[in-house]
Amino acid sequence: MVQGMNDAKSMEEASGVQEMYSGEKIIGEMLERKRREANFIMSNVEESKAGFAHERKAEDTEFMRTTMANLTVNSGNIRVIRIDVYKQVFNVLLEVVLSKRDESVNVLKNKINLASGINGFPDQTERQKGF
Numbered sequence: 001m002v003q004g005m006n007d008a009k010s011m012e013e014a015s016g017v018q019e020m021y022s023g024e025k026i027i028g029e030m031l032e033r034k035r036r037e038a039n040f041i042m043s044n045v046e047e048s049k050a051g052f053a054h055e056r057k058a059e060d061t062e063f064m065r066t067t068m069a070n071l072t073v074n075s076g077n078i079r080v081i082r083i084d085v086y087k088q089v090f091n092v093l094l095e096v097v098l099s100k101r102d103e104s105v106n107v108l109k110n111k112i113n114l115a116s117g118i119n120g121f122p123d124q125t126e127r128q129k130g131f
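Sequential numbering of the sequence shown, starting at 1, is according to my numbering.
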């Protein structure tokens with residue numbers, strides 16, 4: 001009887017820890033989604049052939065400023081990040097970080113007006129990509 005009570009107590013304690021861990025995972029997921037809400041990903045954006053990384057980044061930033069102006073999206077701060085290292089063989093995805101969620105939403109709403117072959121989609125967490 002005592003062993004059964006101890007087992008039940010251990011299970012209860014373990015489930016409490018599991019619930020806490022699960023709650024932390026949910027909060028972490030919510031925070032990650034909040035962090036990414038003003039971001040979007042661009043694919044098929046031609047990479048610069050410049051020899052230096054800072055030159056390629058400057059060209060990517062200028063491309064995004066021009067693109068956003070063409071989409072009539074008013075953007076304040078733009079930060080552009082290639083998601084992988086520079087490869088001459090193919091174009092690496094481009095992550096665009098804006099200051100406001102509304103700016104990102106406007107770009108995605110108007111993505112039909114992007115240059116031919118270029119696509120945009122929201123920056124999603126791994127969990128969101130799984131659904």
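Every residue, glycine too, gets a C-beta built ideally from N, C-alpha and C.
### Task
Quick one: grab the DSSP three-state call for serine 75.
coil
### Message
How far does the beta strand (DSSP E) with glutamate 95 in it extend, from its first residue to its last?
### Response
94–98
#### Entry: Close Cβ partners of glutamate 29 (< 8 Å) along its chain, the five nearest in sequence each way excluded
Thr125 and Arg127
### Query
In terms of alpha-carbon separation, which member of Val107, Ser116 and Ala115 lies closest to proline 122?
Comparing alpha carbon positions, the residue from Val107, Ser116 and Ala115 closest to proline 122 is Val107.
#### Entry: For glycine 120, three-class secondary structure by DSSP
strand
### Task
Measure the CB-CB distance between glutamate 47 and valine 92 and report whether it falls below 8 Å.
Valine 92 sits close to glutamate 47, with the two beta carbons spaced by under 8 Å.
#### Entry: Separation of isoleucine 112 from threonine 72, as counted between CA atoms
Rounded to whole angstroms, threonine 72 to isoleucine 112 spans 13 Å at the Cα level.
### Query
Excluding five sequence neighbours on each side, which residues of the same chain lie with their C-beta closer than 7 Å to the C-beta of valine 80?
So the list reads Lys57, Asp60, Thr61, Met64, Leu94 and Val96, once near-sequence residues are dropped.
### Message
Please report the straight-line C-alpha distance between asparagine 70 and glycine 51, rounded to a whole angstrom.
### Response
28 Å
### For arginine 82: DSSP bridge partner residues
Leu94
### Message
I need the straight-line Cα distance from asparagine 119 to glutamate 37, nearest angstrom please.
### Response
18 Å
### Task
Quick one: using the 10 Å Cβ neighbour count with 16 as the cut-off for buried, is glutamate 12 buried or exposed?
Caution is warranted here: a pLDDT of 49 is assigned to glutamate 12, below 50, making its placement in the model unreliable, and no coordinate value can be reported.
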